[in-house]
Structure formats: structure tokens, C-alpha cells
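> Submitted below is the structure of interest, expressed as C-alpha cells.
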Amino acid sequence: MRASWQHERSGKEIGFCCGRRTVPSGSQPSLAVCCADVVPLDVQSDAAFVAKVQEQVGARLALCDAETYPRAVLNLTILTLEEISSLVAHHSPAPYIMADIDEDDTVEIVFTSGTTAEPKGVRITHRNLLANLTPLEERIKPYLKWERAVHPLRFLNLLPLSHVFGQFLGIFVPQLLGGEVFFQESLNPSQIIATVRRERISIIVTVPRILETLRERIETVYEARGNLGRFRKALETSAARHFIWRWWRFRHVHAMFGWKFWAFVSGGASLSPHSEAFWRRLGFAVIQGYGMTETAALISVNHPFKMGHGSIGQVMPGQEVKLAESGEILVRGENVSAGYWQNKAESRTANDGWFHTGDIGELDEKGNLYFKGRKKDVIVTSAGVNIYPEDIELVLDRQPEIKASAVIDIQGVHGVEPLAVLVLRDDGVKPDVVINRANESLAQHQRVRRWSIWPGPDFPRTPTQKIRKQIVAEKVKASLSEAIPVGTTSDAHPLTKIVARITKEAPPQFDPTAKLGTDLKLDSLGRVELMTALEDRYQIEIDEAALTDTTTLADVEKIIRGGKPEQAAPYPYPRWQQRWPLSWLRITLLYLIVLPAIRIMGWPRIKGKEHLRQLRGPSLFICNHVTMADHALVLFALPPGFRTKMVIAQDGELLREWRHPPKRTGLVTRLRHLLRYLAVVLFFNVFSLPQKSGFRRSFAFAGEMMDRGYNLMVFPEGERTKRGGLNPFRLGTGLLIQELDAPVVPMRIEGLWKLKQANRHFAWPGEISVLVGKPVRYSSQDSPEQIVKDLMLRLKEL
């Protein structure tokens with residue numbers, strides 16, 4: 001990275017397009033020591049915003065990944081992450097000579113993405129960052145000896161690196177602990193829990209809304225078991241219990257996350273007391289922090305072992321905090337930014353050096369800081385009463401029929417008054433009943449008297465999942481004034497935008513009766529892409545069986561509003577055979593039983609084995625499917641390094657039937673099925689590849705296996721041949737290859753079909769041949785259709 005920057009270095013800025021996972025955390029420090037001013041941008045930033053930022057900073061270089069590259073429509077040099085390895089290979093590995101760096105030199109310029117105003121770039125210096133990192137390091141030192149017991153401390157960062165808080169917990173703080181950081185693009189709650197358990201994560205760094213979706217996931221699991229009422233009752237009675245009692249009482253929840261996980265770090269927005277209490281009663285630590293971009297991420301933070309419940313922590317050492325007469329939080333210290341980029345005159349720092357945060361807070365006698373709301377969000381009624389929207393939203397969001405709420409101010413007959421905008425989980429909900437119930441928990445002056453139903457499945461949100469209230473207010477007020485009819489907006493509907501991105505066509509007019517298949521032209525793979533996009537956007541889980549050719553857009557909206565996570569698909573994805581000592585037993589059985597059996601039944605001739613000599617790393621092997629013995633024949637043809645580290649995709653429906661036989665299956669048949677399942681898993685290390693639904697989970701499992709160093713074997717036809725030739729390849733194979741981005745080795749079995757036709761179980765040596773083709777690698781630009789078409793041709797030419 002440093003070497004690549006040498007020819008660009010001239011005191012100019014660098015546009016830095018980043019996401020949660022795709023940009024390595026070492027890139028920013030590397031650029032900082034080269035005296036390059038980094039401008040982190042979120043991958044969701046629109047072109048107009050990026051263009052305005054470029055006008056201000058005059059960047060010389062943009063760093064992004066291959067996925068972001070098509071959107072980087074900037075007239076400057078663009079370097080993709082995929083190119084870095086090849087570029088640095090031409091430079092010396094000797095340490096880079098660091099330039100002289102002053103504490104007041106700029107590290108980065110972080111731009112706030114306002115909705116209508118010009119972007120403002122906050123200039124963060126080395127001094128600003130050190131003002132927060134140095135006291136944190138001093139606080140951490142006494143606990144490092146205890147960290148050895150759980151080393152390495154692993155963080156799962158779900159925040160974008162374009163935000164200072166995400167950088168703080170994703171780049172800087174873990175290094176103080178000698179920890180490891182994992183990044184994940186998907187905000188799907190089930191995938192988050194799976195990652196935490198699989199990677200043995202200790203701490204999740206996230207925003208309050210993700211904590212809410214995780215809470216909903218846990219409650220849905222208990223609801224499916226019929227224990228939700230008992231679970232909630234146990235939560236209510238556990239508030240005053242000791243931590244150890246709570247941990248044991250809810251040990252099943254801890255088992256879901258894995259025994260090493262213990263804490264959430266929440267920031268970026270205010271966490272509701274209800275959500276904090278939920279996780280604390282389960283036996284997890286919830287650490288809240290408070291800060292702003294202008295204060296280099298932190299003003300206050302909770303001590304993980306001395307927390308003030310409901311507070312946003314105590315003020316960081318080296319900083320001063322006081323409350324103005326209006327209750328606004330004022331802060332002073334070296335962590336406060338000197339000003340905005342190219343606009344140093346504009347500053348929220350008063351003459352006496354106090355920075356005005358614009359937030360309302362309270363301080364208790366112990367020094368704990370409590371967040372009460374945004375100063376500019378306070379609604380002052382004609383009666384002179386101050387109403388804090390957040391207080392009302394907390395009560396509204398607790399109602400089970402309401403998915404999300406936003407309280408805005410409107411001009412009523414008697415002056416300014418609050419209006420609640422609601423996203424309902426179901427169209428059949430009666431808002432007045434829900435509002436009346438919520439009003440019972442609100443003070444007289446806080447009670448909701450006017451409300452509006454938001455037309456979409458969710459509010460527009462920022463990358464940190466905050467509701468864009470300004471956009472909400474503009475559209476609601478326009479609807480009320482009849483500038484735009486109620487229930488519609490001037491922009492394309494979010495669902496049609498997602499569909500257009502998948503179909504590569506212009507967004508169609510939103511029609512609730514439009515069917516996914518016949519009207520919107522989404523095939524099975526298109527529906528998978530739609531499910532993934534919806535899950536990532538709305539942080540829900542969708543049952544694959546719920547989206548079919550005949551599913552309408554109105555049905556999709558109902559699914560999103562309901563947000564009910566799917567139950568775990570019954571397709572088996574075993575891992576027990578990969579653990580010691582069973583992993584050694586499996587290899588022993590392979591050499592003592594499987595391979596000798598192949599030699600006895602018909603020693604096959606291997607052709608093209610030389611193509612594998614230069615092959616390195618996990619690879620994907622594909623082969624035609626003739627009989628149930630194909631697995632063993634392919635393993636026989638491969639070198640030991642590949643055959644011993646191989647997972648094989650098996651008919652998911654068949655594996656499910658063996659592992660979970662129908663209820664009416666007799667005892668003898670049930671035992672026979674179970675023995676078949678245990679044998680095929682232990683001997684061949686198989687996993688489910690369903691033919692009808694559930695293949696999203698199968699793809700995720702395949703990717704995990706490759707990450708762990710396993711090779712993968714797939715039969716792309718999806719079924720055994722009925723006439724001896726190749727059946728059409730399933731498009732899912734192309735999608736899997738596209739996602740895995742691994743070398744693909746085509747293979748073909750010859751001569752076996754003749755034995756099957758003659759009903760022979762033994763063959764003469766060399767009568768069966770296994771042909772191995774040259775490895776091929778496909779680019780991310782190749783479509784699944786192109787991949788399967790090319791692979792079919794390669795198998796035929798072997």
C-alpha cells in the first residue's frame with residue numbers, strides 16, 4: 001500500500017471508498033504514515049454526494065473494491081483492492097521510511113452526508129485521535145493480564161469504516177488489546193449470530209437498531225418453541241438477580257451466540273432503555289459510548305465492569321463536559337476537531353473553547369452522562385411545552401404492532417404540534433387502538449393525537465441505521481398538503497428499485513398486484529438475489545418458500561412488515577465428522593475401505609492428473625453424475641492433498657429424508673435411513689445442496705468450508721444421468737462459482753454408464769476412466785449463465 005502511494009504523494013487527499021468488510025483495516029494507517037489525507041466514503045454514498053466531496057478535496061486517488069468500482073465515476077486514478085497484491089510485488093519489502101508527522105497534521109477528513117445541505121468535512125488530526133486513544137490505553141493496561149485467559153479477544157464490527165466510531169472500534173481499540181477484528185457486510189440477524197458462534201467472537205460492535213433485530217430473532221426462536229410467554233416472564237423476574245444466576249437461567253441464549261461471547265458495544269445512536277435491559281437481563285454486558293465526528297468518536301464511554309445502567313458513560317479523561325442552561329452538552333478538550341475542511345470560519349466551538357454538541361443531556365452525582373435527545377429535535381408547542389420526540393418513539397416502538405416510528409413536528413391549527421409517523425408490521429392493524437394503548441404510558445403533554453402511516457416497508461436510513469427524519473418530514477408534509485397524494489412518493493418505490501437493480505432494467509411503476517415471475521421476470525436465482533437484498537436492507541430473515549413466481553409485491557411488503565425470521569431449514573449441514581478424532585477416522589476409512597473397494601470393483605484409468613500439479617489452495621471440482629459411486633471415483637482420481645480435504649455436495653432432499661425421516665416411517669426403516677446418513681457423512685464428508693429451496697444456506701456453508709481450507713465437489717447436473725449423456729447444468733452452480741471465486745477443475749467419468757446399463761457391479765481394470773481437465777478461473781463479471789455454459793462445453797471436450 002505504501003509503495004503504491006509513493007508516486008501519488010504530493011500533499012493531496014485520497015478518496016477512500018470503503019465498506020464494513022471489503023477494505024482492509026490496515027489501509028488507513030498505511031496512508032496516514034505517508035502523509036496522505038484520507039477521505040473515507042460509505043459504499044452507499046450517491047454519485048451527487050461523492051461529486052460534491054471531490055469538488056472540495058480534489059482527491060488524486062480513489063481506493064475501492066471491484067464491486068464498488070463501477071460506481072466510482074470520478075475523473076481520477078482508481079486503485080482496486082484486488083490490484084494491490086500485484087502492485088506491491090514490484091516494490092521492495094523493506095520498511096517504508098516514515099515521513100515527519102506532526103500531531104496537528106490531518107489524518108482524515110470525514111464528511112457528513114446531509115440530505116440537502118452541502119457536505120461538511122470534519123478535519124481529524126493525530127492529536128484528536130491520540131486524545132482519546134491515550135487514556136483508553138491507560139485504562140486497559142491493568143486488565144491485560146486477565147485478557148490472556150480469553151486471548152485473542154475477537155471483535156465483530158458491524159459499523160461502516162466511513163464513520164469515526166466504526167474506525168475506532170474496528171482499527172484502533174482492538175490493537176490496544178492485541179485483539180482480532182472480523183467484518184461482515186450482511187446485517188441479517190441469523191447470519192450475525194452464526195458468525196459470532198463460528199468465529200468465537202467476544203464483542204459485537206454495532207448500532208441500536210441491530211440490537212433490536214437480534215432481540216426479535218431470539219424472541220421468534222422462543223415463540224416457535226411455544227415458550228415466548230415463559231421467556232418474557234423470566235426476563236421480568238431476573239432484573240434484580242445476580243449475573244451468574246441470569247447467565248445460567250438463559251444459558252440457551254448464550255449457547256446460540258457461543259460461550260466466548262459476552263458483550264455488545266453500542267454507538268452511533270441512542271440505545272433504548274428497554275433494549276439495554278433486555279440484553280443485560282440475559283447476562284450480557286451492554287457498553288454504550290457517546291461522541292461525534294467532531295470529537296474524534298468519543299466524549300464518554302461506559303466502563304465494561306462498572307457500568308451506569310441507562311447512561312452513555314462517564315466523561316473520558318482529558319476532556320471537560322458541562323451542561324448549558326438549556327441542557328445542551330458542551331465539551332472541551334484536545335479531541336475536539338479544529339474545524340471543517342475549507343471552512344474553518346464555521347465552527348460550533350464558542351469563543352471560550354466549548355464545543356456545542358447540539359444534544360441535550362443530564363449528569364448524575366456519580367458523573368454518569370445521560371442522553372435526552374437532540375436539541376434541534378425538541379418540539380416546542382404553542383403552549384410553550386418542550387416535547388422530546390425520542391421519549392415518544394421509545395414508547396411507540398415497544399408496541400408489538402409497530403415496526404418503527406418517527407415523531408416529527410407539523411404546523412397545526414393552533415401552532416406547532418407533534419405527529420407520529422408509523423411503519424406497521426401488518427396492514428390489518430388498527431392504528432388508533434395501538435396509539436391509545438401507547439398513550440397510556442405517556443404524560444399528558446406527550447400523548448400522540450395525530451399520526452400518519454408510512455407507505456413503504458421501512459423508513460429511509462443512514463449507513464448507521466438512523467432514520468433520515470428530514471426526508472420523512474418532507475414527504476409526510478407534502479402528502480398532508482396534497483402536493484403528493486397520500487401513500488405515494490415522487491421517488492421510485494424501494495421494492496421496485498431493488499427489482500430494477502437485479503433485472504438491470506429501469507425501475508417499473510409500483511404495482512402491488514405485480515407477480516415476481518410473470519410480471520417482473522425474476523427466475524429462481526433472481527428471487528434469491530431479491531431475498532438477500534431485502535434481508536440486508538431490512539435486517540430480517542425471509543423463508544425461501546415464501547417467494548415464488550406468483551408472489552406479488554403486496555405479499556413481499558407484508559413479509560417485510562411482519563419481519564418474522566424463518567425457522568432453521570431441516571437440511572443437514574454436519575460438522576462433527578471434521579473434528580478430531582473423527583476427522584482422522586474418516587481419512588483412515590477412506591484409505592482402508594473406500595479406495596481399496598474402488599481398486600477391487602474396477603481400477604479406473606486416470607487421465608489429466610498433471611493438470612493438478614500447479615494447483616494451490618482450496619478448489620472447486622465439478623463432475624458428471626452417473627451413479628452413487630461417483631464420489632468414490634473422483635476421490636480415487638485426486639492426489640492425497642485434495643482427497644483428504646474434500647467436502648462433497650449431496651442431494652439435500654435425500655440427506656434430509658435420511659436424517660429426519662417422516663413421522664410415519666417405521667422403526668426399522670428409520671434406523672436404516674439413519675445408518676445411511678451416518679455412513680455417507682463419515683465416509684465422504686457430505687453436506688446438503690437442496691434442489692428446490694434452502695440453497696442460500698448451502699452456499700454459505702460451502703463458502704465457510706473453503707475458508708477453512710476444504711476443497712469442494714459439486715455435481716452440477718443436480719441428478720444422475722438417465723441416458724448416459726450430460727443433463728443441463730443448474731444455474732445455481734454458476735452462482736456458487738461466482739460467489740466462491742475459486743479455481744474450478746472440470747472432471748468427467750467415462751465407461752460407468754455401460755456397466756450400469758448391463759447391471760454389472762465389477763469392471764476390468766481401465767474399463768472406467770476419470771478425466772481431469774485444466775483448472776479455470778472465472779471473473780466476477782461472468783454471469784452464472786455464461787459459467788455453466790462454458791463448463792458444459794469443457795466437460796464435453798474432455
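In the numbering used here, the protein residues as written are 1 to 798. Ideal Cβ positions, reconstructed from N, Cα and C, are used throughout, including at glycine. Remember, predicted model here, so these are calculated numbers, not experimental data.
1) Inspect the beta-carbon positions of V416 and I467 and report whether they are closer than 8 angstroms.
2) Use the C-beta contact count for G178: other C-beta atoms within 10 angstroms, 16 or more gives buried, fewer gives exposed.
3) Compare the beta carbon distance of K722 and V626 with 8 angstroms and say whether it is the shorter of the two.
4) Can you give me the start and stop residues for the beta strand (DSSP E) that E180 sits inside?
5) Using a Cβ-Cβ cutoff of less than 7 angstroms, which residues in the same chain neighbour Q786 once the five nearest sequence positions on both sides are dropped?
6) Helix, strand or coil for P418 per DSSP?
7) Checking 8 angstroms against the spacing of the C-beta atoms, do S688 and Y591 come in under that value?
8) Check the C-beta distance from L228 over to Y222 and give it rounded, since I have them as a contact under 8 angstroms.
9) Leaving out the 5 sequence neighbours to the left and right, which residues in its chain are closer than 6 angstroms to V499 when beta-carbon positions are compared?
10) For L819, count neighbouring C-beta atoms within 10 Å of its own C-beta (all shown protein chains included) and say buried if the count is 16 or more, exposed if not.
11) Can you find the residues in the same chain that come closer than 6 angstroms, C-beta to C-beta, to L655, ignoring five residues on each side of it along the sequence?
12) What are the start and end residues of each continuous alpha helix (DSSP H) run of 4 or more residues lying completely inside the segment 209 to 261, in chain order?
13) List, from N- to C-terminal side, the beta strand (DSSP E) runs of 3 residues or more that fit wholly inside the segment 553 to 635.
14) My guess is that G813 and I140 are in contact by the Cβ rule of under 8 angstroms, so how many angstroms apart are they, rounded?
15) Under the rule that 16 or more other beta-carbon atoms within 10 Å means buried, what is S779, buried or exposed?
16) Rounded to whole angstroms, what is the Cα-Cα separation between L771 and E750?
17) Only counting the same chain, and skipping five residues up and downstream in sequence, which positions put a Cβ closer than 8 angstroms to that of K607?
18) Can you list, in chain order, the residues of its chain whose CB lies under 6 angstroms from that of K789, leaving out five sequence neighbours each side?
19) Tell me whether Y290 is buried or exposed, calling it buried when 16 or more other Cβ atoms sit within 10 Å of its Cβ.
20) Quick one: grab the DSSP three-state call for A483.
21) How would you label P565, buried or exposed, when you count the other beta carbons within 10 angstroms and need 16 or more for buried?
22) Give me the Cα-Cα distance between V205 and P662, rounded to the nearest whole angstrom.
23) Ends of the beta strand (DSSP E) at D799?
24) Output the distance between the C-alpha atoms of T106 and S441, rounded to the nearest integer angstrom.
25) Can you give the Cα-Cα distance for L735 and E83, rounded to whole angstroms?
26) Kindly indicate which three-state DSSP category A404 falls into: helix, strand or coil?
27) Go ahead and pull the three-state DSSP assignment for A48.
28) What does the alpha-carbon distance come out to for the pair S783 and F111?
29) I'd like the ranges of any alpha helix (DSSP H) spanning at least 4 consecutive residues and lying wholly in the segment 715 to 763.
30) Which one of I193, L144 and I203 has the shortest CA to CA distance from L176?
31) Could you check where the alpha helix (DSSP H) with I109 kicks off and where it finishes?
32) Would G602 pass as a contact of P765 if the rule is Cβ separation under 8 angstroms?
33) Compare the Cα-Cα distances from I360 to each of K366, P389, V336 and E334 and report the closest residue.
34) Kindly provide the ranges of any beta strand (DSSP E) runs that are 3 or more residues long and lie completely inside the segment 312 to 364, ordered along the chain.
35) Which residues does DSSP pair with T77 in a beta bridge?
36) Measuring alpha carbon to alpha carbon, tell me which residue in G333, P93, D364 and F371 is nearest G353.
Short version:
1) no
2) exposed
3) no
4) E180 to F183
5) none
6) strand
7) no
8) 5 angstroms
9) L520
10) No answer is possible for residue 819: the residues shown for the chain start at 1 and end at 798.
11) P572 and S688
12) 228 to 237, 243 to 249 and 251 to 257
13) 605 to 607 and 620 to 623
14) As shown, the chain starts at 1 and ends at 798. That puts residue 813 outside it, with no answer to give.
15) exposed
16) 8 angstroms
17) S769, V770, L771 and V772
18) none
19) buried
20) Below a pLDDT of 50, predicted positions are generally treated as unreliable, and A483, at 42, falls in that range; the measurement from the model is reported next regardless. In the structure shown, A483 sits in coil (DSSP, three-state: anything other than H, G, I, E or B).
21) Only weak support is given to the placement of P565: the predicted model assigns it a pLDDT of 43, under 50, and the value that follows is read from those uncertain coordinates. Classification for P565: buried.
22) 42 angstroms
23) There is simply no residue 799 to check, as the chain begins at 1 and stops at 798 in what is shown.
24) 49 angstroms
25) 24 angstroms
26) strand
27) helix
28) 36 angstroms
29) 731 to 740 and 752 to 757
30) L144
31) Counting along the chain, I109 falls outside any alpha helix (DSSP H), though it belongs to the beta strand (DSSP E) covering T106 to T112.
32) yes
33) P389
34) 320 to 323, 328 to 332 and 355 to 363
35) L61
36) G333
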